[in-house]
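This report refers to the structure that appears directly beneath it.
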Amino acid sequence: MEALIPFTTSGSLVDLVDKKVLVILRDGRKIIGVFRSYDQFANFLMESVVERLYHKMEYADRDIGILLVRGENVVAVGEIDLIAEDLIPLREISVENIMTRITEDNTKRDKDQIIKENVLREYGFVSEGREGDAY
Amino acid sequence: MLFFSFFKTLTDQVITVELKNDLCITGTLKSVDQFLNIRLDGITVEDPERHPHMMAVKNCFIRGSVVRYVRMGARSVDTTLLEDATRRGEFMVRVLKGLRVD
Numbered sequence: 001m002e003a004l005i006p007f008t009t010s011g012s013l014v015d016l017v018d019k020k021v022l023v024i025l026r027d028g029r030k031i032i033g034v035f036r037s038y039d040q041f042a043n044f045l046m047e048s049v050v051e052r053l054y055h056k057m058e059y060a061d062r063d064i065g066i067l068l069v070r071g072e073n074v075v076a077v078g079e080i081d082l083i084a085e086d087l088i089p090l091r092e093i094s095v096e097n098i099m100t101r102i103t104e105d106n107t108k109r110d111k112d113q114i115i116k117e118n119v120l121r122e123y124g125f126v127s128e129g130r131e132g133d134a135y
Numbered sequence: 001m002l003f004f005s006f007f008k009t010l011t012d013q014v015i016t017v018e019l020k021n022d023l024c025i026t027g028t029l030k031s032v033d034q035f036l037n038i039r040l041d042g043i044t045v046e047d048p049e050r051h052p053h054m055m056a057v058k059n060c061f062i063r064g065s066v067v068r069y070v071r072m073g074a075r076s077v078d079t080t081l082l083e084d085a086t087r088r089g090e091f092m093v094r095v096l097k098g099l100r101v102d
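Top to bottom, those sequences are chains A and B. With UniProt numbering, the residue at position 38 of the first sequence is 38, and numbering never jumps. With UniProt numbering, the residue at position 11 of the second sequence is 11, and numbering never jumps.
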C-alpha cells in the first residue's frame, strides 16, 4: 500500500482512516472526529466532528458534523486511545458554562497583557504579540 | 534531502519534538517524509496539565511546518558522518552522477 503513495508519512496516515482522531489546528482549536480521508498536503476529511473546548480540567463539545480541514492549518493529528479516553480525569460541562469560563479567562489575560505592554513600552520595548502568534 | 535521510536514520529512536506552540511531544519516531512530517508512537507530553487534550492520544502525526526543534540523544547522531555528508554536498553529487548516467 505504502509503495502506491509517493509521500511516505502522509502515506502512513492510512492506518488512521476510520479511527477516532484528535486534530490540533494552528489557532489552538481541538477537533475530534472520525478520520475519513486525507491527501499529501495533510488536508483532512472528518465525519461526526465535534470541537472540544477545554478549560483547566473541564471540557465541552460543540457539534460540527462533517469537516474538511485545509492542511496548512493542521498542527498535529493523534489517534485517540479509546480505553485511555475513558480514564482521563476530565469533567464534561455544558458549552455555555465553558464559554463563560473561557471568556472570563480571556478578558483577564487581555487586561494583564495591556498592563504588561504599557510597562514595557515605558522601557522602550515594542509589543511582541501574544500566545498563538507563534506560527 | 540530507536532513530527510538523517531523520530516516533516527527511526525507532525516542525523540522529543518541540512545536511552535511550545508543546513538547516525546515518542518513538515511526516515520518521516520529504516535508519532515513526523509520525510518533507511544507519545508523552511535557506538562500534561497544560495540555489535557493529549492525555488520551497515544500516537500522532506532526506536520513538518509546525516543528520548532527536534531533540535527540547525542548517541543517536553520528556527527562525523553528518559533517562529511555536508562537505561533500552528497545530494548535489548524486544529482550530477544521475545526469551523467542519463
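Heads up, the beta-carbon is just placed ideally off N, CA and C, and yes, glycines get one too. As the structure is a prediction and not an experimental result, all values here were calculated from the model.
Here the alpha carbons of Glu-46/B and Thr-26/B stand approximately 8 Å from one another.
Assignment of beta-bridge partners to Glu-47/A by DSSP yields Val-34/A.
From the beta-carbon of Lys-30/A, the residues of chain B found nearer than 7 Å are His-53. Straight-line measurement puts the Cα of Glu-122/A at about 44 Å from the Cα of Glu-92/A. Between Gly-78/A and chain B, the shortest Cβ-Cβ separation is below 8 Å.
Within the stretch 88–105 of chain A, the residues whose Cβ lies closer than 7 Å to any Cβ of chain B are, in chain order, Ile-88, Leu-90. Here the C-alpha atom of Val-57/B lies approximately 24 Å from the C-alpha atom of Met-99/A. One finds nothing in chain A with a Cβ atom closer than 7 Å to the Cβ of Cys-24/B; even the nearest lies about 12 Å away. Fewer than three beta-carbon pairs drawn from the stretch 69–81 of chain B and the stretch 100–115 of chain A are found closer than 8 Å, and the two stretches are therefore not classed as touching. Per DSSP, reduced to three states, the secondary structure at Gly-64/B is helical. Taking Ile-38/B as reference, the option from Arg-88/B, Glu-49/B, Phe-7/B with the minimal CA-CA separation is Phe-7/B. If only uninterrupted beta strand (DSSP E) runs of at least 3 residues are considered, those enclosed by the UniProt domain "Sm" (2–76) of chain B are 14–19, 24–32, 38–45, 57–62, 67–72. The Cβ of Tyr-135/A sits closer than 8 Å to at least one Cβ of chain B. Looking at the DSSP output, Lys-20/A shares a beta bridge with Val-34/A. With a minimum length of 4 residues, the unbroken runs of alpha helix (DSSP H) contained wholly in the stretch 51–111 of chain A fall at 82–87. Note that the C-beta distance between Leu-40/B and Leu-23/B is not below 8 Å. Judged by DSSP secondary structure, Ala-85/B falls within the alpha helix (DSSP H) whose first and last residues are 79–88.
When 7 Å is used as the limit between beta carbons, Val-74/A is near these residues of chain B: Arg-63, in chain order. Taking C-beta atoms under 8 Å as the contact rule, Ile-80/A and Leu-22/A qualify, at a distance of about 6 Å.
Interface flag for Ser-31/B against chain A is set, since a Cβ pair is found closer than 8 Å. Taking a 10 Å sphere around the C-beta of Met-1/B, we find fewer than 16 other C-beta atoms and assign the residue as exposed. Distance from the Cα of Arg-26/A is smallest, within the candidate group Glu-96/A, Glu-117/A, Val-77/A, Asn-97/A, for Val-77/A. Minimum Cα-Cα distance from Phe-44/A among the listed residues Leu-90/A, Val-14/A, Ile-88/A corresponds to Val-14/A.
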